[in-house]
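J.: So the sequence shown is numbered by the UniProt record's numbering: it starts at 1 and just counts up by one. No residue lacks a Cβ here, since even glycine has one placed at the ideal position from N, Cα and C.
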Amino acid sequence: MRLIIMGAPGAGKGTQAPSIATHYGIPAISTGDIFRANVKQKTPLGLKVEAIMAAGDYVPDELTEQIVADRLDQDDAQSGFLLDGFPRTLHQVGALDDYLAERGHQLDAVLSLTVDTEALIQRLLKRAQIEGRADDSEETIRHRMDVYQQDTSPLIDDYRDRGLLIEVDGDGQIAEVSERIFAALSGVADAR
Ligand code: AMP
């Protein structure tokens with residue numbers, strides 16, 4: 001299965017991704033996690049992206065696309081993957097399309113978790129207290145929401161037009177949302 005999980009910051013992508021990935025025996029690949037790990041280890045990539053992330057802005061497309069291509073080239077991603085947090089711009093969509101087309105592969109589905117924006121802001125403020133993420137201050141959270149609305153929400157329409165989009169209500173308990181996701185994805189697995 002080649003899957004993408006999308007949703008505004010705080011919609012629950014990172015919470016849901018590992019169980020979906022385990023279920024299908026594919027790696028969950030989170031660009032945010034890759035960047036955060038590099039920031040923590042102070043790698044050249046980490047030093048480049050630290051300020052961008054702290055401001056809640058997007059890392060440049062070419063850099064992000066290269067990171068993802070390198071990750072998708074690894075052995076464990078050959079039979080499938082779940083991308084979490086990528087693509088986030090139409091440019092990244094094009095790069096992923098090209099990457100897959102060159103290998104004769106295609107996406108199976110794009111999962112979109114929908115949650116009301118104010119509920120998301122409250123979730124993120126709570127997470128900020130628990131995890132102490134540098135990009136979880138209220139101002140940065142609101143900025144990240146705006147960036148998402150402007151740059152990333154158009155991708156939803158694009159994938160819907162291609163018949164790949166599966167929208168799942170992301171409101172509620174983690175287990176409840178998981179159940180909805182697996183119910184929605186079982187149709188995709190059967191159709192393959
Ligand atoms: P996330 O954990 O997915 O919310 O990502 C945290 C931060 O990493 C984002 O706010 C961006 O600064 C950066 N980031 C993650 N994925 C991407 C991407 N696909 N394109 C650009 N920046 C990204």
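Taking LEU3 as the reference, which of ASP146, HIS105, LEU124 and GLU118 has the closest Cα?
T.: Considering only alpha carbons, the answer is HIS105.
J.: Tell me whether THR31 sits in a helix, a strand or coil according to DSSP, three-state version.
T.: It is helical.
J.: Thinking C-beta only, is THR140 closer than 8 Å to ALA55?
T.: Cβ distance < 8 Å, so ALA55 and THR140 count as in contact.
J.: Short of 6 Å in beta carbon distance, which residues of its chain neighbour ARG123, apart from the five on each side in sequence? Order them along the chain.
T.: The residues are GLY10.
J.: Taking the alpha-carbon positions, what's the LEU100 to ASP151 distance?
T.: When rounded, the distance between both Cα atoms is 22 Å.
J.: If you draw a straight line from the C-alpha of ALA37 to the C-alpha of THR31, how long is it?
T.: Cα to Cα, ALA37 sits roughly 10 Å from THR31.
J.: Nearest by alpha-carbon distance to LEU185: which of GLY12, ARG103 and SER112 is it?
T.: Nearest C-alpha to LEU185: SER112.
J.: Beta strand (DSSP E) containing ILE5: first to last residue?
T.: Note, ILE5: beta strand (DSSP E), 2-6.
J.: I'd like to confirm something about ASP108: is its beta-carbon nearer than 7 Å to some heavy atom of ligand 1, or not?
T.: ASP108 Cβ: outside cutoff for every heavy atom of ligand 1.
J.: Compute the minimum distance between the beta carbon of PRO154 and the heavy atoms of ligand 1, and state whether it is under 7 Å.
T.: Outside the cutoff, so no.
J.: Taking the alpha-carbon of GLN78 as reference, which of VAL93, GLU50, LEU107 and PHE86 has the nearest alpha-carbon?
T.: Nearest C-alpha to GLN78: LEU107.
J.: Less than 7 Å separating the Cβ of THR15 from some heavy atom of ligand 1?
T.: It does not: the Cβ of THR15 is nowhere closer than 7 Å to a heavy atom of ligand 1.
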